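Numbering (this note's numbering), first residue to last: 5 to 430. Here's the structure we're looking at; comments come further down.
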């Protein structure tokens, strides 16, 4: 198609992402992604062979996504998130600063183990309720949820769809990926905590007087939500299964599917959920959207944009080189959304700087989306949750917080990655 090809490929990508952001009439994202993917194939921007190759590469990733979304829903049905709310309320003892620490601890673990979608969709409403019954302003705590849904997803390949895509390309084992990203994960979470603690110092300084706390405790004291030891053990076994599957060379989707299947059988038998609710939670249309988006991104890369972006990536592995890669990735995530950004950048980073550059790009696409509403789909989902609770995030406040947290978290995370690489090696 000559010069019109690149323009059309980029226009289709922007159109599909715009549709995903707005979702007119509540239509699933796949409604736009699948026809757009078909267009790039029919017009020859991507050959049928290349489109099928990309789809086959992404199939294990989206299969895992479906399984882990179902697993998160089943954990909610088993009462794990309600129990987490009770735990946070007890740990806070009516003090906002203590509640913020509890939210950070719980949200970081939930994001790492059950993925960022669980933190946004399932934990955020629990945090809202916990803050309300504790008589505290919810803003600092719900902001912590959205920041940690992105930033705290660095730890494991299963914590984020972007991680799975980078993990597949990196050639690392599950345990080695976790070992290399453990220190960046701790560094980024620590930076986020300090920044949010300072930014919301006024809100966090407001606590109920002792009489008010006593009255609140009588009205809605944190209870003890019953959680079976079996459900906790099954979630733990699923996490161990991820490691075992990696050692055996088996896609992690099989481990997630096994855990979800066992929990589903239990939850359905006890009528804690329904087959319809489970299918809705798995969000198969979103998985189809990811497959379609992958084909469109191939067209964008082949249109010449890949060469342009690749020209900004350094080929070294020094701290400044890795920071430059993370910076490019953060910018790309906010311009394109983090999912197409990682699809675009992973092969380019691997070619430019190998595995260290891939991991640096991952820090960029996970931390960077906290800068804007459209940086990640998780942030968009978070805003929907806020609206369901009669609240919203003001753009000025959202941006002011991001201006402090994102640059410092990028520097801290990349610095920690550089240390991990020096200690462990790629």
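From the three backbone atoms N, C-alpha and C, an ideal C-beta is built for every residue, glycine too. All values derive from a computational prediction rather than experimental measurement.
Look at the alpha carbon of residue i and the alpha carbon of residue j, and state the distance between them as a whole number of angstroms.
i, j, result
"residue 430", "residue 316", "22 Å"
"residue 214", "residue 133", "With a pLDDT of only 47 at residue 214, under the threshold of 50, the placement of this residue in the model should not be trusted; the figure read from the coordinates follows. About 21 Å."
"residue 177", "residue 250", "6 Å"
"residue 422", "residue 320", "12 Å"
"residue 381", "residue 35", "16 Å"
"residue 16", "residue 252", "39 Å"
"residue 257", "residue 32", "23 Å"
"residue 354", "residue 99", "46 Å"
"residue 20", "residue 73", "22 Å"
"residue 85", "residue 127", "6 Å"
"residue 225", "residue 207", "Summary for residue 225: the model assigns pLDDT 49, below 50, so the residue's position carries little reliability; its value from the coordinates is reported in the next sentence. About 22 Å."
"residue 313", "residue 102", "43 Å"
"residue 185", "residue 368", "13 Å"
"residue 426", "residue 195", "22 Å"
"residue 299", "residue 66", "14 Å"
"residue 294", "residue 166", "11 Å"
"residue 352", "residue 43", "25 Å"
"residue 49", "residue 359", "29 Å"
"residue 418", "residue 188", "7 Å"
"residue 247", "residue 113", "17 Å"
"residue 389", "residue 26", "15 Å"
"residue 285", "residue 30", "15 Å"
"residue 372", "residue 170", "16 Å"
"residue 205", "residue 104", "11 Å"
"residue 378", "residue 56", "28 Å"
"residue 53", "residue 8", "22 Å"
"residue 93", "residue 278", "30 Å"
"residue 387", "residue 408", "20 Å"
"residue 391", "residue 28", "17 Å"
"residue 218", "residue 164", "Confidence at residue 218 is low in this model, with a pLDDT of 45, below 50, so the placement of that residue should be treated as unreliable; the coordinate-derived value is given next. Straight-line Cα distance between these residues: approximately 40 Å."
"residue 109", "residue 118", "14 Å"
"residue 24", "residue 328", "29 Å"
"residue 305", "residue 39", "19 Å"
"residue 346", "residue 193", "21 Å"
"residue 271", "residue 288", "20 Å"
"residue 280", "residue 331", "42 Å"
"residue 236", "residue 91", "15 Å"
Considering Cα atoms alone, identify which of the options is closest to residue i.
i, options, result
"residue 310", "344, 280, 252, 278", "344"
"residue 136", "160, 89, 124", "89"
"residue 366", "174, 318, 198", "174"
"residue 275", "82, 32, 56", "82"
"residue 242", "76, 19, 60, 85", "76"
"residue 413", "79, 390, 375", "375"
"residue 197", "182, 183, 152", "152"
"residue 362", "168, 8, 72, 78", "168"
"residue 158", "71, 179, 115", "115"
"residue 200", "424, 415, 420, 402", "402"
"residue 393", "290, 182, 87, 143", "143"
"residue 59", "338, 296, 330", "296"
"residue 70", "396, 237, 291, 397", "291"
"residue 122", "383, 396, 416", "383"
"residue 397", "147, 62, 22", "147"
"residue 262", "240, 37, 339", "240"
"residue 61", "172, 181, 140", "172"
"residue 140", "91, 160, 209, 80", "209"
"residue 350", "338, 333, 280", "333"
"residue 415", "424, 324, 338", "324"
Return the Cβ separation of residue i and residue j in integer angstroms, given the expectation that the two are a contact with Cβ distance under 8 Å.
i, j, result
"residue 255", "residue 129", "Going by Cβ atoms, the distance from residue 255 to residue 129 rounds to 31 Å, so no, they are not a contact pair."
"residue 341", "residue 154", "Incorrect: roughly 12 Å between the Cβ atoms, too far for contact."
"residue 131", "residue 149", "6 Å"
"residue 78", "residue 264", "6 Å"
"residue 106", "residue 156", "Their Cβ separation, rounded to whole angstroms, is 14 Å, which puts residue 106 and residue 156 out of contact at 8 Å."
"residue 124", "residue 385", "5 Å"
"residue 405", "residue 203", "5 Å"
"residue 191", "residue 41", "Rounded, the Cβ-Cβ distance is 38 Å, inconsistent with contact."
Do residue i and residue j have their C-beta atoms within less than 8 Å of each other?
i, j, result
"residue 13", "residue 303", "yes"
"residue 364", "residue 399", "no"
"residue 318", "residue 356", "yes"
"residue 10", "residue 322", "no"
"residue 431", "residue 138", "Look at the range of the chain in this structure, 5 to 430, and you will see that residue 431 is not part of it."
"residue 348", "residue 301", "yes"
"residue 259", "residue 245", "yes"
"residue 282", "residue 238", "no"
"residue 18", "residue 183", "no"
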